[in-house]
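Chains as they are written, first to last, in my numbering: chain A, 1 to 260; chain B, 1001 to 1087. Please read the structure below before turning to the comments.
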């Protein structure tokens, strides 16, 4: 009589070995990269510098040979300049003289100067909202210093420093939270990063907010952090969701200023 | 077999030069196509070392490129075992 036997399960030993192998690779990688983090960045930073210079030289060279293209890029440069000036204008507090008086009453001075640094790597090259700059410990950059645009708006804080470079975590990094103030109502809010230069805020339904409203930092300098782009409110909700955007275009930032 | 080192070199160069929407799909494709692409874990660590922040919370660890590469490879093991390349 012919017997049909149930097929035995495949032996899992091979699979277990693979899993252990992968976990071992992960552990080794963790140890290696934990200790070599700074060395890797320092080794690649000169390459990024050269890449930035080469990109600039190539774009200049292309302009000479392509007259139409030159006009287009010149137009783009002017547009960039206009948006930069608009940004500077937006970032300027409305009661500017009043601010100076307030600062002098509090024994504080409006900060000038800082360390100017060129941006080596910016989104979308970095998957997280991070920026790598060409100034580091040797140039006097300190951890947790503020990173600002030359026009004034605050971008983020220095998260890691290396001898000649530093990493800046932008306020718009996913999950990052920063205290801020809605300029229209003076309401203190918690600005939550949503990645890609975007922010999300939840405020009570009655809070007056409109598109284009400015969101300022909660510190005494009231720096521009974001601009309201969209407001979402459901009839049944007691809160409304505000979507804001960083005033700077993160994808073409070239210089930033570091202030302690 | 020679595709493996070529893919690794291409992804390393892409990580250093290109935007993330080139090197992350390339890494995922390499992990899916090449058998047990353990180099993907090291490439994940490279992405974290270059562009990642400090791992100061559990969520930042679980959403790091290195951990996601490991998770992807672990998930692919049983899937690959069930795939047949012949009829």
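Note that beta-carbon positions come from the ideal geometry of N, C-alpha and C, so glycine has one too. Note that the structure is predicted; figures quoted are calculated from it, not measured.
Open item on the list: Assuming the contact rule is C-beta atoms closer than 8 Å, residue 41 of chain A and residue 162 of chain A should be a hit. Round their C-beta distance to whole Å, please.
Closed with: Here residue 41 of chain A corresponds to residue number 41 of the first chain, with the count starting at 1. Here residue 162 of chain A corresponds to residue number 162 of the first chain, with the count starting at 1. Rounded, the Cβ-Cβ distance is 5 Å, consistent with contact.
- [ ] Would you verify that the beta carbon of residue 127 of chain A is, or is not, closer than 7 Å to some beta carbon of chain B?
- [x] On the first chain, position 127 is the one that residue 127 of chain A refers to. Output row for residue 127 of chain A: interface = yes.
TODO: Determine the closest residue to residue 215 of chain A out of A:183, A:70, A:141, A:208, with distance taken between C-alpha atoms.
DONE: Numbered from 1 along the first chain, position 215 holds the residue referred to as residue 215 of chain A. Answer by Cα proximity: A:183.
Task: Residue nearest to residue 146 of chain A in terms of C-alpha spacing, selected from A:140, A:154, A:139 - done: Taking the first residue of the first chain as 1, we reach residue 146 of chain A at position 146. Nearest of A:140, A:154, A:139 to residue 146 of chain A, Cα basis: A:154.
- [ ] Measure the C-alpha to C-alpha separation of residue 1037 of chain B and residue 46 of chain A and round it to an integer number of angstroms.
- [x] Taking the first residue of the second chain as position 1, residue 1037 of chain B is located at position 37. Taking the first residue of the first chain as position 1, residue 46 of chain A is located at position 46. CA-CA distance, residue 1037 of chain B to residue 46 of chain A, rounds to 30 Å.
Open item on the list: Pairs of beta-carbons, one from the segment 232-248 of chain A and one from the segment 187-206 of chain A, closer than 8 Å: are there three or more?
Closed with: They touch, by the three-pair rule.
Task: residue 1011 of chain B versus residue 1070 of chain B - alpha carbon distance - done: Taking the second chain and counting its residues from 1, one reaches residue 1011 of chain B at position 11. Taking the second chain and counting its residues from 1, one reaches residue 1070 of chain B at position 70. Approximately 17 Å, taken between the alpha carbons.
Open item on the list: Please list, in chain order, the chain B residues whose beta carbon lies closer than 9 Å to that of residue 33 of chain A.
Closed with: The count along the first chain starts at 1 and reaches residue 33 of chain A at position 33. Result: 1042, 1045, 1046, 1048, 1049, 1066.
Open item on the list: Does the segment 115-130 of chain A come into contact with the segment 1042-1061 of chain B, if we say contact requires no fewer than three beta-carbon pairs (one atom in each stretch) closer than 8 Å?
Closed with: Because the criterion of three Cβ pairs below 8 Å is met, the segment 115-130 of chain A and the segment 1042-1061 of chain B touch.
TODO: Could you tell me which of A:237, A:217, A:248, A:122 sits nearest to residue 205 of chain A, measuring between CA atoms?
DONE: As a first step, residue 205 of chain A must be located in the first chain, where it is residue number 205. Comparing Cα-Cα distances from residue 205 of chain A to each of A:237, A:217, A:248, A:122, the minimum goes to A:237.
TODO: Within 10 angstroms of the Cβ of residue 1035 of chain B, are there 16 or more other Cβ atoms? Answer buried if so, exposed if not.
DONE: Position 35 of the second chain holds residue 1035 of chain B. The residue in question, residue 1035 of chain B, is exposed, as its Cβ has fewer than 16 Cβ neighbours within 10 Å.
TODO: Confirm, please, whether the CB-CB distance from residue 166 of chain A to residue 140 of chain A is below 7 Å.
DONE: Walking along the first chain from the start, residue 140 of chain A turns up at place 140. Walking along the first chain from the start, residue 166 of chain A turns up at place 166. Going by beta carbons, residue 140 of chain A and residue 166 of chain A fall outside the 7 Å limit.
- [ ] Look up residue 176 of chain A in the DSSP assignment and say whether it is helix, strand or coil.
- [x] Your numbering for residue 176 of chain A matches position 176 in the first chain. In the structure shown, the three-state DSSP call for residue 176 of chain A is coil.
Open item on the list: Against chain A, which members of the segment 1005-1035 of chain B pass a CB distance test of less than 8 Å?
Closed with: Those would be 1016, 1017, 1018, 1019, 1020, 1021, 1024, in chain order.
- [ ] With residue 226 of chain A as the anchor, note down where its beta strand (DSSP E) starts and where it stops.
- [x] Translated into positions along the first chain, residue 226 of chain A becomes position 226. That run of the beta strand (DSSP E) goes 224-232.
- [ ] Step through the CB atoms of chain A and report whether any lies within less than 7 Å of the CB of residue 1077 of chain B.
- [x] For the purposes of this step, residue 1077 of chain B is taken as residue 77 along the second chain, with counting starting at 1. The C-beta of residue 1077 of chain B comes closer than 7 Å to at least one C-beta of chain A.
TODO: Closer than 7 Å by beta-carbon distance: list the chain A residues that pair up with residue 1058 of chain B, in chain order.
DONE: Locating residue 1058 of chain B in the second chain gives position 58, where the first residue counts as 1. Simply none; closest approach about 12 Å.
Task: Proximity below 7 Å, CB of residue 150 of chain A to CB of residue 257 of chain A - done: Locating residue 150 of chain A in the first chain gives position 150, counting from the first residue. Locating residue 257 of chain A in the first chain gives position 257, counting from the first residue. Yes, the pair counts as a contact, with Cβ atoms nearer than the cut-off.
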